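Participant: Heads up, the final residue of the sequence shown is numbered 587 in the numbering used here, and it's a clean run with no missing numbers.
We treat Cβ as the ideally placed atom computed from N, Cα and C, and that holds for glycine.
Nothing here was measured: the structure is a model prediction, and the numbers come from that model.
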Amino acid sequence: MAADGASPQTPARTLLASFSGYRPAWLKSDVAAGLAIAAVGLPSAIAYPAIAGLPPQTGLYASIAPLIAYAIFGPSRQLVVGPDAATITVLAAVLAGMPGLAAVDKPGVAALIALVVGGYYFAARLVGLGVLSTFLSRPILVGFFAGISLSILVGQLKRVTGIPIVGDGLIAPVVELVRKAHEVHWPSLLLALGMFAVLHLVRRTRLPVPGQVVVVGLSVVLSALFDFEGRGIAVVGAIPSGLPALALPGWGGAAIDQLLIGAAAIFLVSFAAGIVTARSFGERGGYPVDANREMVGFGAANVAAGLFAAFPITASDSRTAVNASVGGRSQLASVVAALALLAIVLFFQPALAILPIPALGAILISAALSLVDIPALRELWRISRMEFAFAMIALFAPISLGVLNGVLIAIGATFAYLLHKMMYPRDALLGRVPGHDGFYKLHRRADARQVPGLAIVLIQGDLLFFNADRMQGRIDAIADTLVAGTRWLVLDASAITQVDSTAAAALEEVRAELARRGLKFGIAEMHDEVRGLLDRAGLLDAIGPEMIFDDLDDAYRAFRASGEGTDAPSPRGA
């Protein structure tokens, strides 16, 4: 698989890329991995649709056709797509924000949104927006997924307690739960607590069977033996047998602007979750990940979901982890998983119909808790308080302002963090160390001294319209601290890779101000692109060729040859 920025792939190499070089010896491990993926995926496939108020069969549909579509168009051998907690939670917010949308129309609108999301993926691939993945910083994702987990936890209160909770957000449902505590349906709550305990017991004992599978099987058996539905415990209910016909979904009365904006938010979240999963397993497997090619695979999977009455999906970390642990070698494992789930839909829907809802709530609560990466939050606190603060913004935004607004705020926080870092480029005065060649930062080396009469200022960052004023102010402030007798101020541009017209104008003002102070202004070690722009802006002509230097040693020699040096004491730096 090509790395980011690789040359475009031919159609022949794009289709079925994950099967390239397939060996018959892989068949056994791929079949075993596919059955394991189906076993792990079945509980979440049934549980996740409830988050968005969709019928459980849509989760099964989302776990069949998209897997085959990704196997054909996706580049990764190991990645497995399917329902994802974060994506379905954003879908729930999008559907809730459509006033007048009837419950019967939700599945059709969800499928239509999946089609639009697939279209966004293909459009983003055409313009090479795989670079978006670089803006999804780890602190933002860690905080955002923690916020999503709390939203999911609150959403399960009514499913595990049997209380009809109607409040939104984080606080209102909890307050409503306390107020209606006398209405708790204790058999439902006890069942949910019991199944949650089973999940953790299986995890602690490291049984070969996934805990979700144990919970589904056990709760179905108990439901059949003790007639849970007759005792007031909600069950999944009848699930249509077979797959829906290939068809375009209906509009359901949804407004076009709501569809497009909502699908854009889902696209961002699904891409974030998918590319993080892809890169995580790419690092473990020792292979590169091409975000642009992954967009093609994700786009095809979402289009398949839309055409087969499902909802938007992305890469599934749990299913991919199972695939990797069992030893899946190609996307044949995904095809086997899809066929296994299709067999369940065709022949086992009566058993799924009596599956108790509180058991699914327990599965969702466990999945939500797994999204909270406490060690990562602790590490952020230890490494950078600023990045921890951005993680907290991403955590609380979905809770306080809704998941949809939280997505936009999380993405905005990423850009805000980037701009903050770029707006404040570091600077330093450089000097010489006796007996050594080259130049050193005065604040880093105790034995470094400014060359008498020559100030060299290093700017570490690009100079663009949003930081040009600050750069100008910093150089003016440094000039204020220079001792009498300083004749030259040379800008070390080795760490400046970009400038724009605003920065060029600011540098001209710096030159003019320094001239009024009796200082000559020079620039050393310019990159070709920077030199070209400053030349077109006329700054190099204003400075004069005698003050333009290839490197700092040239500037130093020119200064010594000019005879403008001074014996005045040199400062340790500004």
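Using 10 angstroms around the beta-carbon of Lys41, count the other beta-carbons present and answer buried if the total reaches 16, otherwise exposed.
Facilitator: Walking along the sequence shown from the start, residue 41 turns up at place 28. Result: exposed.
Participant: Assess, as a yes-or-no matter, whether the stretch 490 to 506 is touched by the stretch 522 to 538 under the definition of 3 or more beta carbon pairs within less than 8 Å.
Facilitator: As far as the Cβ criterion goes, the stretch 522 to 538 touches the stretch 490 to 506, which means the pair count is three or higher.
Participant: On a Cα-Cα basis, can you pick out the residue from Gly87, Ala571, Thr218 that is closest to Phe135?
Facilitator: Stepping through the sequence shown from its first residue, residue 135 is reached at position 122. Ranking Gly87, Ala571, Thr218 by Cα distance to Phe135 puts Gly87 first.
Participant: In whole angstroms, what separates the C-alpha of Leu424 from that of Asp118?
Facilitator: For the purposes of this step, residue 424 is identified with residue 411 of the sequence shown, where counting begins at 1. For the purposes of this step, residue 118 is identified with residue 105 of the sequence shown, where counting begins at 1. Correcting the residue identity first, residue 424 is Ile in this sequence and not Leu. Going from the Cα of Ile424 to the Cα of Asp118 covers about 30 Å.
Participant: Locate the alpha helix (DSSP H) running through Phe241, then write down its first and last residues.
Facilitator: Position 228 of the sequence shown holds residue 241. That residue, Phe241, is in no alpha helix (DSSP H); it is neither H nor E in DSSP.
Participant: Taking the alpha carbon of Gly319 as the reference point, which residue from Ser57, Leu471, Asp563, Val130 has its own alpha carbon closest?
Facilitator: For this step, residue 319 is matched to residue 306 along the sequence shown. Selected option, being the one with the closest Cα: Val130.
Participant: Among the candidates His198, Ser201, Val226, Pro200, whose CA atom is the shortest distance from the CA of Val211?
Facilitator: For the purposes of this step, residue 211 is identified with residue 198 of the sequence shown, where counting begins at 1. Of the candidates His198, Ser201, Val226, Pro200, the one whose C-alpha sits nearest the C-alpha of Val211 is Val226.
Participant: If we ignore side chains and look at the alpha-carbon of each, how far apart do Leu206 and Pro69 end up?
Facilitator: By one-based count along the sequence shown, residue 206 stands at place 193. By one-based count along the sequence shown, residue 69 stands at place 56. Their Cα atoms are separated by approximately 22 Å.
Participant: Around the C-beta of Pro177, are 16 or more other C-beta atoms found within 10 angstroms, so that it is buried, or is it exposed?
Facilitator: Sequence index remark: in the sequence shown, residue 177 carries index 164 (1-based). By the neighbour-count rule (16 or more Cβ atoms within 10 Å), Pro177 is not buried but exposed.
Participant: Do you know offhand how far Phe10's Cα is from Gly275's?
Facilitator: As shown, the chain starts at 14 and ends at 587. That puts residue 10 outside it, with no answer to give.
Participant: Check whether the Cβ atoms of Tyr437 and Arg483 sit closer than 8 Å, and answer yes or no.
Facilitator: The count along the sequence shown starts at 1 and reaches residue 437 at position 424. The count along the sequence shown starts at 1 and reaches residue 483 at position 470. In contact: Tyr437 and Arg483 (Cβ atoms closer than 8 Å).
Participant: So, helix, strand or coil for Ala258, using DSSP?
Facilitator: Residue 258 sits at position 245 when you count from the first residue of the sequence shown. Ala258 falls in the coil class under three-state DSSP.
Participant: Cα-Cα, which of His433, Arg457, Gln463 is closest to Gly444?
Facilitator: Translated into the one-based positions of the sequence shown, residue 444 becomes position 431. Nearest C-alpha to Gly444: Gln463.
Participant: Buried or exposed: where does Lys434 fall if 16 or more other Cβ atoms within 10 Å of its Cβ makes it buried?
Facilitator: For the purposes of this step, residue 434 is identified with residue 421 of the sequence shown, where counting begins at 1. Its Cβ having fewer than 16 others within 10 Å, Lys434 is exposed.
Participant: Measuring straight from C-alpha to C-alpha, what distance separates Pro301 and Ser57?
Facilitator: Counting from 1 along the sequence shown, the entry for residue 301 is found at position 288. Counting from 1 along the sequence shown, the entry for residue 57 is found at position 44. Distance between the alpha carbons of Pro301 and Ser57 is about 29 Å.
Participant: Could you say which of Trp199, Leu373, Glu196, Val167 lies nearest to Val187 if we only look at CA atoms?
Facilitator: Position 174 of the sequence shown, counted from the start, is the residue given in the question as residue 187. For the residues Trp199, Leu373, Glu196, Val167, the minimum Cα distance to Val187 belongs to Val167.
Participant: Once you ignore the five residues that flank Ala237 on each side, which residues in its own chain have a CB closer than 7 Å to its CB?
Facilitator: Counting from one through the sequence shown, the residue named residue 237 turns up at place 224. So the qualifying residues of the chain are Ile367.
Participant: So Gly466 and Glu577 are supposed to be a Cβ contact under 8 Å. How far apart are they, rounded?
Facilitator: Indexing the sequence shown from 1 puts residue 466 at position 453. Indexing the sequence shown from 1 puts residue 577 at position 564. That pair is a contact at about 6 Å.
Participant: Taking the straight line between their C-alpha atoms, what separation do you get for His456 and Ala441?
Facilitator: Stepping through the sequence shown from its first residue, residue 456 is reached at position 443. Stepping through the sequence shown from its first residue, residue 441 is reached at position 428. Distance between the alpha carbons of His456 and Ala441: 8 Å.
Participant: Can you give me the Cβ contacts of Ser379 inside the same chain, cut-off strictly under 7 Å, excluding the 5 residues immediately before and after it?
Facilitator: Residue mapping note: residue 379 aligns to position 366 of the sequence shown, counting from 1. Same-chain partners within the cutoff: Phe209, Leu212.
Participant: Tell me the DSSP secondary structure of Trp264 in three-state form.
Facilitator: Locating residue 264 in the sequence shown gives position 251, where the first residue counts as 1. Correct three-state label for Trp264: coil.
Participant: Output the distance between the C-alpha atoms of Ala481 and Ala516, rounded to the nearest integer angstrom.
Facilitator: Indexing the sequence shown from 1 puts residue 481 at position 468. Indexing the sequence shown from 1 puts residue 516 at position 503. Going from the Cα of Ala481 to the Cα of Ala516 covers about 5 Å.
Participant: Tell me which residues share the same chain as Ala3 and place their Cβ nearer than 6 Å to its Cβ, disregarding the 5 neighbours each side in the sequence.
Facilitator: Residue 3 lies beyond the stretch modelled for the chain, which goes from 14 to 587, so this question has no answer here.
Participant: Since Phe135 is in the alpha helix (DSSP H), which residue starts that stretch and which ends it?
Facilitator: For the purposes of this step, residue 135 is taken as the residue at position 122 of the sequence shown. Element bounds for Phe135: 119 to 139.
Participant: Within its chain, find whatever has a CB closer than 6 Å to the CB of Phe32; leave out the 5 residues flanking it on each side and keep chain order.
Facilitator: Reading the sequence shown from its first residue, position 19 is the one you call residue 32. Here the set comprises Ser343.
Participant: Answer yes or no: the CB of Ala52 versus the heavy atoms of the ligand SAH, is any distance below 7 Å?
Facilitator: The ligand SAH is absent from the structure shown, which contains no ligand whatsoever.
Participant: So, using beta-carbon positions, are Ala98 and Ala381 closer together than 8 Å?
Facilitator: For the purposes of this step, residue 98 is identified with residue 85 of the sequence shown, where counting begins at 1. For the purposes of this step, residue 381 is identified with residue 368 of the sequence shown, where counting begins at 1. Yes, these two residues count as a Cβ contact at 8 Å.
Participant: Determine, using beta carbons only, whether His540 and Thr510 come nearer to each other than 8 Å.
Facilitator: In the sequence shown, counting from the first residue as 1, residue 540 sits at position 527. In the sequence shown, counting from the first residue as 1, residue 510 sits at position 497. Yes.
Participant: Please name the residue, chosen from Ala372, Ala571, Ser150, that lies closest to Leu407 on a Cα-to-Cα basis.
Facilitator: Your numbering for residue 407 matches position 394 in the sequence shown. It should be pointed out that residue 407 corresponds to Ala in this sequence rather than to Leu. Checking every option, the nearest Cα to that of Ala407 belongs to Ser150.
Participant: Name the residue from Lys193, Asp475, Pro369, Gly54 whose alpha carbon lies nearest to the alpha carbon of Phe590.
Facilitator: Residue 590 lies beyond the range of the chain shown here (14 to 587); nothing can be said about it.
Participant: Taking the Cβ atom as the reference point for each residue, do Ile165 and Leu377 lie within a distance shorter than 8 Å?
Facilitator: As a first step, residue 165 must be located in the sequence shown, where it is residue number 152. As a first step, residue 377 must be located in the sequence shown, where it is residue number 364. Yes, the Cβ-Cβ distance between Ile165 and Leu377 is below 8 Å.
Participant: Please state whether the Cβ-Cβ distance between Val234 and Ala375 is less than 8 Å.
Facilitator: For the purposes of this step, residue 234 is taken as residue 221 along the sequence shown, with counting starting at 1. For the purposes of this step, residue 375 is taken as residue 362 along the sequence shown, with counting starting at 1. Cβ atoms of Val234 and Ala375: not closer than 8 Å.
Participant: According to DSSP, is Arg462 helix, strand or coil?
Facilitator: Residue mapping note: residue 462 aligns to position 449 of the sequence shown, counting from 1. In this structure, Arg462 counts as strand in the three-state DSSP scheme.
Participant: Measure the Cβ-Cβ separation of Val155 and Asp386 and say whether it is below 8 Å.
Facilitator: Start at 1 with the first residue of the sequence shown, and residue 155 comes out as number 142. Start at 1 with the first residue of the sequence shown, and residue 386 comes out as number 373. For Val155 and Asp386, yes; Cβs fall inside 8 Å.
Participant: Going by CA-CA distance only, name the one from Val358, Ala278, Phe321, Leu352 that's closest to Val107.
Facilitator: The count along the sequence shown starts at 1 and reaches residue 107 at position 94. Nearest of Val358, Ala278, Phe321, Leu352 to Val107, Cα basis: Ala278.
Participant: Using only CA atoms, which one of Asp513, Ala334, Leu214, Val215 lies nearest to Gly295?
Facilitator: Counting from 1 along the sequence shown, the entry for residue 295 is found at position 282. That would be Ala334, whose Cα lies nearest to the Cα of Gly295.
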